[in-house]
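Please read the structure below before turning to the comments.
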Amino acid sequence: MRYVWLDCDPGHDDATAILLAVHCPNVTLLGISTVHGNASAENTNNNAARCLYAFAAQEHIRVCPGARKPLIRVERHDPEIHGIDGLGGVEGLPPATNPAVQARLVGDGMPTRALEGMAKAISATWQNGRGSKVTVVSSGPMTNIALFVSVYPDLLDGIEEFVFMGGGVGMGNRSAAAEFNILCDPEATQIVLDVPVKKIMVPINVTHTAIVTKAVLTQLLAPGSAPISIDQPLPKAASPLRYMLSTLIGFFADSYKSSFGFVDGPPLHDALTIAYVEKPELFTCKRHRVDVELAGTHTAGETVVDVFNYRTVDDSWGRDGKNCLVAEKLDVDGFFELFLDCIARCDKV
Ligand code: BDR
Ligand code: CA
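Just so it is clear: in the sequence shown, position 40 is 40 by the UniProt record's numbering, and no numbers are missing.
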């Protein structure tokens, strides 16, 4: 069993990461923290709670609000991709004012802030070595994680690994060089990359292969239905959950088509982090030295991946300079099989 803390900024694809975190059979989700990013921290926090409720997560799983701003940079959001509130166009999600959603946000004796929530979950699970380590997953800007490792260095031993969606190898999506999550808080990412804990980066080179095609969408709406041609209409949704997810994918598909010219469907970036935790065998990865460009005139926020080993000096691990496992390739069919299985499990609750 893998114990997971998820730090996120929902966000359409973050919502799919939450779905997987709740329904992957080998993942126990301990809690969620939220961060500024795709929308304001207030919106991403509400959205995480709305998702936990909609995906029938166990009631003790709570959402802890985190950083409203990057460490030193000016906050940025992405309404062009995710709408103003972060989950634009999604139908069938309860509003944040719904009492059942509110119940995910606060509770008797529950921690109310991200760092405290993470610390409590890791201490309680790790139990100073008598228990299990926790995998910390990040699907948004890394402000909370950077603060956490700075404030609670004594809890690093309780962390199995950091798995983060972000960066690119030689490519960006919110500047010519930088990917959105890293661009939002480059300094925070560098702090996390410098921490002596195993790290896995899932960059856009790989997430761009996880496209929700019409064939996948057909199975999402009506599992087991016959393949349809490109001009045939999609089947009717077999459940309210499936309908809601199809509106989520539909909005995301439109964003990706108009902003990036993706014609076959949107990429489910963030869901790949939890897929990695559940089934690392779906990924081909290689260790590299990764740093973040913090000063570049044209390249701030770029992940500089040393694929030819120019920087071979020892780092604080006492090993070679390679500080990060970088995902290079995804078993796309295997990933969507897992995704559709999780939807089926959620549908049964
Ligand atoms: C990342 O940025 C956001 O748009 C997504 O939620 C994802 O985490 C992709 O660059
Ligand atoms: Ca995200």
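Note that beta-carbon positions come from the ideal geometry of N, C-alpha and C, so glycine has one too.
*Quick one: what's Tyr152 bridged to in DSSP?*
BP columns for Tyr152 are empty, so no partner.
*Taking Cβ to Cβ, would you say Ala67 is nearer than 8 Å to Ala48?*
Not closer than 8 Å, so no.
*What are the boundary residues of the beta strand (DSSP E) that Phe162 is part of?*
Ile159 to Met165
*Put Ile228 into one of helix, strand or coil per three-state DSSP.*
Here Ile228 sits in coil by DSSP.
*Would you report the Cα separation of Tyr152 and Ser33, rounded to the nearest angstrom?*
16 Å
*Using 7 Å as the cut-off, classify the Cβ of Met201 as near or not near the heavy atoms of ligand 1, replying yes or no.*
No, the Cβ of Met201 stays beyond 7 Å of every heavy atom of ligand 1.
*asked:* So, does the segment 219-238 touch the segment 260-271, judging by three or more C-beta pairs under 8 Å?
replied: no
*Which whole-angstrom value describes the C-beta separation of Asp78 and Asn38, a residue pair presumed to lie in contact below a C-beta threshold of 8 Å?*
5 Å
*For Ala327, which three-state DSSP category applies?*
strand
*Quick one, which of Phe148, Pro141, Ile122 and Thr143 has its alpha-carbon nearest Val134's?*
Ile122
*Given a cut-off of 8 Å, decide if His288 and Cys324 are closer than it, judged by their beta-carbon atoms.*
Result yes, Cβ atoms of Cys324 and His288 sit closer than 8 Å.
*Taking Gly265 as the reference, which of Ala215, Phe164 and Tyr243 has the closest Cα?*
Of the candidates Ala215, Phe164 and Tyr243, the one whose C-alpha sits nearest the C-alpha of Gly265 is Ala215.
_Quick check: does the Cβ of Asn45 come within less than 7 Å of any heavy atom belonging to ligand 2?_
It does not: the Cβ of Asn45 is nowhere closer than 7 Å to a heavy atom of ligand 2.
*Sorted by chain position, which residues of the same chain lie with C-beta nearer than 8 Å to Ala54's C-beta, five sequence neighbours on each side aside?*
Gly92, Leu93, Pro94, Leu241 and Met244
*Determine the DSSP secondary structure at Arg104, reduced to helix, strand or coil.*
Secondary structure of Arg104 (DSSP, three-state): helix.
_Identity of the residue in Ala146, Thr213 and Leu20 nearest Leu193 by Cα_ = Ala146
*How close, in whole Å, do the beta carbons of Tyr310 and Ile200 come, if the pair is a contact with beta carbons under 8 Å?*
Between Ile200 and Tyr310 the Cβ distance is about 22 Å, and since that is not below 8 Å, they are no contact.
_Could you compute how far the alpha carbon of Ile191 sits from the alpha carbon of Ala295?_
Distance between the alpha carbons of Ile191 and Ala295: 15 Å.
*The alpha helix (DSSP H) with Lys348 in it runs from where to where?*
Val332 to Lys348
*asked:* Counting C-beta neighbours from all protein chains within 10 Å, is the total for Glu59 16 or more, i.e. buried, or is it exposed?
replied: exposed
*For Phe162 and Val197, believed in contact at Cβ under 8 Å, the rounded distance*: About 6 Å separates the two Cβ atoms, so the contact holds.
*Quick one: using the 10 Å Cβ neighbour count with 16 as the cut-off for buried, is Asn173 buried or exposed?*
buried
*Hey, could you find the ends of the alpha helix (DSSP H) His208 is sitting in?*
Where His208 is concerned, there is no enclosing alpha helix (DSSP H), because DSSP gives it neither an H nor an E.
*Taking Cβ to Cβ, would you say Cys342 is nearer than 8 Å to Cys8?*
no
*Within 8 Å, strictly: CB atoms of Pro203 and Gly301*: no
_8 Å CB neighbourhood of Ala253 in its chain, flanking five on each side removed_ = Val212, Phe262, Gly265 and Pro266
*Going along the chain, which residues of its own chain have a beta-carbon closer than 6 Å to the beta-carbon of residue 351, five neighbours each way excluded?*
Outside the shown range of the chain (1 to 349) lies residue 351, about which nothing can therefore be said.
_Same chain only: Cβ atoms within 6 Å of Lys322, ignoring 5 sequence neighbours per side_ = Arg287, His288 and Arg289
*Along the alpha helix (DSSP H) that carries His12, what are the first and last residues, could you check?*
Counting along the chain, the alpha helix (DSSP H) containing His12 begins and ends at His12 to His23.
*Curious, which full-length beta strand (DSSP E) runs of at least 3 residues does the segment 218-276 contain?*
none
*Where in the segment 1-89 do unbroken runs of the beta strand (DSSP E), each at least 3 residues long, occur, reported from the N-terminal end onward?*
For the segment 1-89, the continuous beta strand (DSSP E) assignments of 3+ residues that do not extend past its boundaries occur at 2-8, 27-34 and 63-65, in sequence order.
*Does at least one heavy atom of ligand 2 sit under 7 Å from the Cβ of Ser150?*
no
*Phe164 versus Phe148, Leu248, Thr247 and Leu272, residue with shortest Cα-Cα distance*: Leu272
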